[in-house]
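Numbering that gives the first Met the number 0 applies: residue 0 is where the sequence shown begins, and numbers increase by one.
Backbone N, C-alpha and C define an ideal beta-carbon position, used for all residues, glycine too.
Notes for the one structure printed next.
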Amino acid sequence: MDTDSIHSGYSHHSNRSRGSNKQSERSSRDRHKSHSRDSSSRSDKNVTISASSAQPQQPDQGSAPTDAQDDNWGETTTAVTGTSDHSLSQEDLAGFGKETEGPVEKLNCIRFLPLALTLLLGLLVLVTPLSFLVLPQVLWQERLQACGTACEGLFLSLAFKLLILLLAGWALFVRPTRASLPRIAVFRALLGLLTLLLLLSYWLFFGVRILDSQEENYQGIVQFAVSLVDALLFIHYLAVVLLEIRHLQPCFSLCVVRSTDGETHHYNLGQLSIQRAALVILEHYYKDFSVHNPALLTAAKSRAAKHLAGLKVYNVDGAGSDAATAQSRAKIAAAARQRDTSHNELYYEEAEHDRRVRKRKARLVVAVEEAFTHVRRLQEEEKKKPPGDEMDPREAAQAIFPSMARALQKYLRTTRQQHCHSMDSIQAHLAFCITNNMTPKAFLESYLMAGPTLQYGRECWQTRQWTLVSEASVTSPLHHGSEFQLKSSDFSLVVTSKAIPHLKLSEEYVHPKSHKFVLQLQSETSV
Numbered sequence: 000m001d002t003d004s005i006h007s008g009y010s011h012h013s014n015r016s017r018g019s020n021k022q023s024e025r026s027s028r029d030r031h032k033s034h035s036r037d038s039s040s041r042s043d044k045n046v047t048i049s050a051s052s053a054q055p056q057q058p059d060q061g062s063a064p065t066d067a068q069d070d071n072w073g074e075t076t077t078a079v080t081g082t083s084d085h086s087l088s089q090e091d092l093a094g095f096g097k098e099t100e101g102p103v104e105k106l107n108c109i110r111f112l113p114l115a116l117t118l119l120l121g122l123l124v125l126v127t128p129l130s131f132l133v134l135p136q137v138l139w140q141e142r143l144q145a146c147g148t149a150c151e152g153l154f155l156s157l158a159f160k161l162l163i164l165l166l167a168g169w170a171l172f173v174r175p176t177r178a179s180l181p182r183i184a185v186f187r188a189l190l191g192l193l194t195l196l197l198l199l200s201y202w203l204f205f206g207v208r209i210l211d212s213q214e215e216n217y218q219g220i221v222q223f224a225v226s227l228v229d230a231l232l233f234i235h236y237l238a239v240v241l242l243e244i245r246h247l248q249p250c251f252s253l254c255v256v257r258s259t260d261g262e263t264h265h266y267n268l269g270q271l272s273i274q275r276a277a278l279v280i281l282e283h284y285y286k287d288f289s290v291h292n293p294a295l296l297t298a299a300k301s302r303a304a305k306h307l308a309g310l311k312v313y314n315v316d317g318a319g320s321d322a323a324t325a326q327s328r329a330k331i332a333a334a335a336r337q338r339d340t341s342h343n344e345l346y347y348e349e350a351e352h353d354r355r356v357r358k359r360k361a362r363l364v365v366a367v368e369e370a371f372t373h374v375r376r377l378q379e380e381e382k383k384k385p386p387g388d389e390m391d392p393r394e395a396a397q398a399i400f401p402s403m404a405r406a407l408q409k410y411l412r413t414t415r416q417q418h419c420h421s422m423d424s425i426q427a428h429l430a431f432c433i434t435n436n437m438t439p440k441a442f443l444e445s446y447l448m449a450g451p452t453l454q455y456g457r458e459c460w461q462t463r464q465w466t467l468v469s470e471a472s473v474t475s476p477l478h479h480g481s482e483f484q485l486k487s488s489d490f491s492l493v494v495t496s497k498a499i500p501h502l503k504l505s506e507e508y509v510h511p512k513s514h515k516f517v518l519q520l521q522s523e524t525s526v
């Protein structure tokens, strides 16, 4: 009787405090995440690579979920609609799901330094040939020979070559920076140095042979300027080969593994440096890898902690010198015995979780189909109204959202995706589907299947700053067996490269008549 009363009282207490336990577990999990980020250490050979974007960075959703949105928006979001049984006003609906604006990102002037140097060098390239033509006209115009037909043709050729060089340089070099690399780009620096040496050589030759002697043959001066533009065009051709064509042929197969869940992808890359290969891998990561969900990784840790917390050791012989050692041995032995039955618990836990997911999914599908049926009925009614009284898709989404909000939030909590979807993003996606006349299945696809990282909002991106860890120099080219890591705050991408093997194809000639045959039928053969 005492045991039953204690058990019933504990059950009543646990049912009454279930909501507070969930909130405390969520806050402790957030504190644990922030503490693990602060205490993470870096290697001595770490360099940082960060993606550049003009938009401000949003705060991490996992660190402060209570500040960004209401966790209970599925339970508190109700309104009067054709398919809703609850009754709250639309003013209550507008108060939920408003995200706080993130801190304004400080302007990083170093990010624009390569573009500024490129523009300065391009201006010098454009001004130098024109200066070769203008300076003789200004300094000793009365001594210059008349420019004939051939000289005027050189003027026309020079003008078109400068225009082509300007457009080609703009297309190749004047681009928005995608990322801030940790080290200087070797080929770009080499091309810039080569261009500077060429311009310096031409200026020295112009100063010694033309300015000092005051050359009177103006056609020769024009030819000298045309030769400079020709040399600059050849340097631009070299830049296209080194920066755009050289790495197109695949030479290495890179295996990228996410350290937390082991998701793996393979990419074929050409002759690139380690930092350029890391940049390409990050670009592929945001569109190929599913969004990182740390909530899915806590099940195994909580299961192991629950097993260890359930073990208790009692010392019946009294306190002795070897009491701590005996307790440790007893716990190890009990854990070893419990390990034999832990697979059964794991099996039933996964089966129960799958059953709950299927149940929540069925309820969600039915709720969404009813909501979209209500939308179609409203659209048919709106066609009969005057043009000024039609409902906006955003208003329609806000009207039908409460009918599916509770089922959707329960499904997202069961699948541990509640931090990836805010109330505003769901309503925006719902309005988008209504505007484009999509089906309920098209609306649910974003929530039933985990998509790539770029599919979600910026607040769900774990970080935009990555740390490149490599034993070799990041400017060195890739080779067979190269290994490096791309670390973020919560996980890392481990990359290994293997050279694509040399393939040898041989030819075997097949005579056209070698595969022909003749079928002979005898008279006694039965048909």
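Residue i vs residue j beta-carbon contact at 8 Å
i, j, result
"residue 289", "residue 449", "yes"
"residue 117", "residue 227", "no"
"residue 542", "residue 491", "In this structure the chain extends from 0 to 526, so residue 542 is not present and cannot be described."
"residue 255", "residue 268", "no"
"residue 119", "residue 186", "no"
"residue 364", "residue 413", "no"
"residue 125", "residue 224", "no"
"residue 197", "residue 234", "yes"
"residue 477", "residue 276", "yes"
"residue 213", "residue 153", "no"
"residue 361", "residue 374", "no"
"residue 161", "residue 237", "no"
As assigned by DSSP and simplified to three states, the class of residue i
i, result
"residue 146", "coil"
"residue 509", "coil"
"residue 247", "coil"
"residue 392", "helix"
"residue 465", "strand"
"residue 78", "The predicted position of residue 78 is uncertain, since its pLDDT is 44 and thus under 50; a value taken from the coordinates is nonetheless stated next. Looking at residue 78 - three-state DSSP - the assignment turns out to be coil, as it is neither helix nor strand."
"residue 518", "coil"
"residue 484", "strand"
"residue 474", "coil"
"residue 264", "strand"
"residue 255", "strand"
"residue 414", "coil"
"residue 503", "coil"
"residue 286", "helix"
"residue 498", "strand"
"residue 492", "strand"
"residue 528", "The requested residue 528 does not occur in the structure, where the chain is confined to residues 0 to 526."
"residue 224", "helix"
"residue 272", "strand"
Per-residue burial, residue i [other beta carbons within 10 Å of its own, 16 or more giving buried]
i, result
"residue 168", "buried"
"residue 418", "buried"
"residue 251", "buried"
"residue 100", "Since pLDDT at residue 100 reaches only 38, below the 50 mark, its modelled position is unreliable, and the value read off the structure follows with that caveat. Counting Cβ neighbours within 10 Å, residue 100 comes out exposed, since fewer than 16 surround it."
"residue 194", "buried"
"residue 244", "exposed"
"residue 465", "buried"
"residue 207", "exposed"
"residue 67", "Caution is warranted here: a pLDDT of 42 is assigned to residue 67, below 50, making its placement in the model unreliable, and the coordinate value is therefore given only provisionally. So residue 67 ends up on the buried side."
"residue 204", "exposed"
"residue 110", "exposed"
"residue 420", "buried"
"residue 23", "Unreliable placement is indicated for residue 23, whose pLDDT of 48 sits below 50; no coordinate value is reported for it."
"residue 480", "exposed"
"residue 410", "buried"
"residue 217", "buried"
"residue 359", "buried"
"residue 425", "buried"
Own chain partners of residue i with C-beta closer than 6 Å, once the 5 adjacent residues on each side are dropped
i, result
"residue 484", "468, 491 and 493"
"residue 172", "117"
"residue 246", "269, 270 and 271"
"residue 199", "none"
Other residues of its chain near residue i: CB distance less than 8 Å, five sequence neighbours each side excluded
i, result
"residue 441", "432"
"residue 554", "Not covered by the structure: residue 554. The range shown for the chain is 0 to 526."
"residue 136", "143"
"residue 454", "290 and 445"
"residue 286", "451, 452 and 453"
Same chain, Cβ closer than 7 Å to residue i, five either side skipped, listed in chain order
i, result
"residue 415", "292, 294 and 295"
"residue 366", "402, 403 and 406"
"residue 510", "none"
Cβ separation of residue i and residue j, assumed to be a contact under 8 Å, to the nearest whole Å
i, j, result
"residue 274", "residue 181", "6 Å"
"residue 568", "residue 175", "Residue 568 cannot be examined here, being either before or after the span of the chain that is shown, 0 to 526."
Interface flag, residue i vs chain B, CB-CB below 8 Å
i, result
"residue 413", "This model lacks chain B altogether; it includes just one protein chain."
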